[in-house]
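Asks: Have a look at the structure that comes next, please.
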Amino acid sequence: MSNATTVIHSIPADPLTGAIAVPIYQTSTFVQEAPGVNKGFDYARTNNPTRETLEKIVASLEHGAGASAFASGLAAIDAVVKLLQSGDEILAVNDIYGGAFRLFTQIYAKFGIRVNYVDTTDLSQVTAGITPATRMIWLESPTNPTLKISDIAAIAAIAHRNNLLLCVDNTFASPALQRPIDLGADLVVHSATKYLGGHSDLIAGIVVSKTAALAEQIRFVQNASGAILAPHDSWLVIRGVETLHLRMERHSKSALEVARFLQTHPAVDRVYYPGLRSHHNHEVARQQQSAFGGVVSFTLKDDTAAAAKQVVCNTQYFKLAESLGGVKSLLCHPATMTHKSIPDETRRASGVADSLIRLSIGLEEVADLVGDIAQALDSLTAATETASQTENIHF
Ligand SMILES: Cc1ncc(COP(=O)(O)O)c(C=O)c1O
Numbered sequence: 199m200s201n202a203t204t205v206i207h208s209i210p211a212d213p214l215t216g217a218i219a220v221p222i223y224q225t226s227t228f229v230q231e232a233p234g235v236n237k238g239f240d241y242a243r244t245n246n247p248t249r250e251t252l253e254k255i256v257a258s259l260e261h262g263a264g265a266s267a268f269a270s271g272l273a274a275i276d277a278v279v280k281l282l283q284s285g286d287e288i289l290a291v292n293d294i295y296g297g298a299f300r301l302f303t304q305i306y307a308k309f310g311i312r313v314n315y316v317d318t319t320d321l322s323q324v325t326a327g328i329t330p331a332t333r334m335i336w337l338e339s340p341t342n343p344t345l346k347i348s349d350i351a352a353i354a355a356i357a358h359r360n361n362l363l364l365c366v367d368n369t370f371a372s373p374a375l376q377r378p379i380d381l382g383a384d385l386v387v388h389s390a391t392k393y394l395g396g397h398s399d400l401i402a403g404i405v406v407s408k409t410a411a412l413a414e415q416i417r418f419v420q421n422a423s424g425a426i427l428a429p430h431d432s433w434l435v436i437r438g439v440e441t442l443h444l445r446m447e448r449h450s451k452s453a454l455e456v457a458r459f460l461q462t463h464p465a466v467d468r469v470y471y472p473g474l475r476s477h478h479n480h481e482v483a484r485q486q487q488s489a490f491g492g493v494v495s496f497t498l499k500d501d502t503a504a505a506a507k508q509v510v511c512n513t514q515y516f517k518l519a520e521s522l523g524g525v526k527s528l529l530c531h532p533a534t535m536t537h538k539s540i541p542d543e544t545r546r547a548s549g550v551a552d553s554l555i556r557l558s559i560g561l562e563e564v565a566d567l568v569g570d571i572a573q574a575l576d577s578l579t580a581a582t583e584t585a586s587q588t589e590n591i592h593f
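Going by our numbering, the sequence shown opens with residue 199, and the numbers climb by one from there.
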């Protein structure tokens, strides 16, 4: 984990008043002494002191040269794609977040940007997937929702040998557990809606750039396209970042316990969590992350959407909702919720089975969470037994 003291003290007291909390500059414009003579701010789409403070904090957390904050994680992804031109290609991880898939296929395909999806956990597929038109490699690590781990340093080396940019979606690990720029990435994106914000109370996104030149290009897109983060939401993310380290430590500890429990339950087929020794790239995760994060996914032996529905509708503490990374535990059924925009066959091929359930482990007592998921899984076993008894009576 990075140093909590450094993080907490990277959040400055207000230089004007000494306020220990960052002030919310809720303003659209700034008074100028003469045209072009101002205090560094002229119009709040271009820049805002509260947003700028957040951008500096996240840039320093990620060890980048600069950052830009956006109205959502998808707006942040959109800004990165706008660095490309018609005819360019992206090589992307194949179980990419469904919203990114939708943006790439339904918006950017129209403008001539193609995406080639490969299993980036296999380096030979990354090398083989590069074409003369490839300009960027797009990773999520861990991925949403199957927690695939890609070797960021090895893929950065491949990208740079081929003159490509590497962009890593670091939403699931957060900079408290993993810093892709230190591993060679050029750009890092976040859905700050998740762990950076941390309280399920806002939608936000951030792009962090390794170099000042890239940061400037992203800042240009931010101002030109205008999908900026509002001052109050910027403040909420700053407030979330203050406790990021503490939360990530607890999320990770509890998630490992839940994952270990799931491995023992007879109704569960596969458990996906990078902290388990059985995880395909556990060793890579150990090298590039300091802990394994708060998301655990699993499939059922009865691999049907109906069985998954029975589980997700029968928990007490895990609330059925899209999103993750908050204080309260959530669960969702990706096939019919977050990943419904991906065609069934493509979804299954990338490992998102019909019964896959994604858990976002919150900050409750872990024993309560294990008990809750246990009773929901037991209800599934009970329902199966009742059904087979009914069948026996029938025949
Ligand atoms: C990995 C990942 N990236 C990006 C996004 C998009 O972020 P937002 O919902 O803030 O637009 C999400 C949303 O779930 C996500 O899980």
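Note that beta-carbon positions come from the ideal geometry of N, C-alpha and C, so glycine has one too.
The structure displayed is predicted, hence computed values, not measured ones.
1. Closer than 6 Å by C-beta to Ala413: which residues in its own chain qualify, once you throw out the five before and the five after it? Chain order, please.
2. For Ser226, which option in Thr248, Gly216, Ile218, Ser495 has the closest C-alpha, if you only look at C-alpha atoms?
3. Find out if the Cβ-Cβ distance for the pair Ala506, Ser553 is shorter than 8 Å.
4. At a threshold of 7 Å, does Asp240 count as lining ligand 1 (C-beta to nearest heavy atom)?
5. Measure the C-alpha to C-alpha separation of Gln487 and Cys530 and round it to an integer number of angstroms.
6. Helix, strand or coil for Thr497, going by three-state DSSP, please let me know.
7. Under the three-state reduction of DSSP, which class applies to Leu272: helix, strand or coil?
8. With H, G and I counted as helix, E and B as strand and the rest as coil, what does DSSP make of Lys280?
9. Output yes or no for whether 8 Å exceeds the beta carbon distance between Ala355 and Gly382.
10. Would you mind sorting Pro233 into buried or exposed? The rule is 16 or more other CB atoms within 10 Å of its CB.
11. Taking 7 Å as the cut-off, is the CB of Ile297 close to at least one heavy atom of ligand 1?
12. With three or more C-beta pairs closer than 8 Å as the rule, is the region 331 to 349 touching the region 284 to 302?
13. Does DSSP put Val525 in a helix, in a strand, or in coil?
14. Curious, which full-length beta strand (DSSP E) runs of at least 3 residues does the region 357 to 437 contain?
15. Please state if the CB of Ser423 and the CB of Leu394 are separated by a distance shorter than 8 Å.
16. Whose C-alpha, out of Ser450, Ser389, Val456, Ala351, is nearest the C-alpha of Pro378?
17. What is the residue span of the beta strand (DSSP E) that Leu337 lies within?
18. Quick one: what's got a C-beta closer than 6 Å to Asn246's C-beta in the same chain, skipping five residues either side?
19. So the candidates are His537, Ile255, Ser558, Val278; which of them puts its Cα closest to the Cα of Cys365?
20. With a threshold of 8 Å on Cβ separation, who are the neighbours of His592 within its own chain once the five nearest residues in sequence on each side are excluded?
21. From which residue to which residue does the alpha helix (DSSP H) around Leu557 run?
22. Taking DSSP as the reference, what is the three-state secondary structure of Ile288?
23. Spatial neighbours of Leu375 within its chain, please: C-beta separation below 8 Å, excluding the five flanking residues on both sides.
24. The beta strand (DSSP E) spanning Val469 covers which residue range?
25. What does a CB cutoff of less than 7 Å around Asn236 pick up in its chain, not counting 5 residues either side in sequence?
26. Excluding the 5 residues flanking Leu363 on each side, which residues of the same chain have their C-beta closer than 6 Å to its C-beta?
27. Can you give the beta carbon distance from Ile288 to Ile311, rounded, assuming they're within the 8 Å contact cut?
28. Following a CB-centred definition, is Glu231 positioned closer than 7 Å to any heavy atom of ligand 1?
29. Determine the extent of the alpha helix (DSSP H) in which Val229 is found, giving its start and end residues.
30. Using DSSP with H/G/I as helix, E/B as strand and the rest coil, what is Lys308?
31. For Asn512, collect the residues of the same chain with a Cβ closer than 7 Å to its Cβ; drop the 5 residues on either side in sequence, then sort them by chain order.
32. If the criterion is Cβ atoms closer than 8 Å, does the pair Ser558 and Val466 meet it?
33. Three or more C-beta pairs under 8 Å: does that hold for the region 469 to 489 against the region 525 to 543?
Replies: Answer, in terms of the structure:
1. Ala263, Gly264, Ser407
2. Thr248
3. yes
4. no
5. 25 Å
6. strand
7. helix
8. coil
9. yes
10. exposed
11. A quick correction: the sequence has Gly, not Ile, at residue 297. Answer for Gly297: yes, Cβ within range of ligand 1.
12. yes
13. coil
14. 363 to 367, 385 to 389, 403 to 407
15. no
16. Ala351
17. 332 to 338
18. Tyr223, Pro429
19. Val278
20. Note that His592 scores 46 on pLDDT, short of 50, meaning its location in the model is unreliable; the coordinates nonetheless yield the value given after this. Excluding sequence neighbours, His592 sits near nothing in its chain.
21. That residue, Leu557, is in no alpha helix (DSSP H); its beta strand (DSSP E) goes 555 to 558.
22. strand
23. Met199, Met446, Ser450, Gln487, Ser488, Ala489, Phe490, Gly491
24. 466 to 470
25. Phe228, Gln230
26. Met334, Asp384
27. 7 Å
28. no
29. Unbroken run through Val229: none, as it is neither H nor E.
30. helix
31. Ala574, Ser577
32. no
33. no
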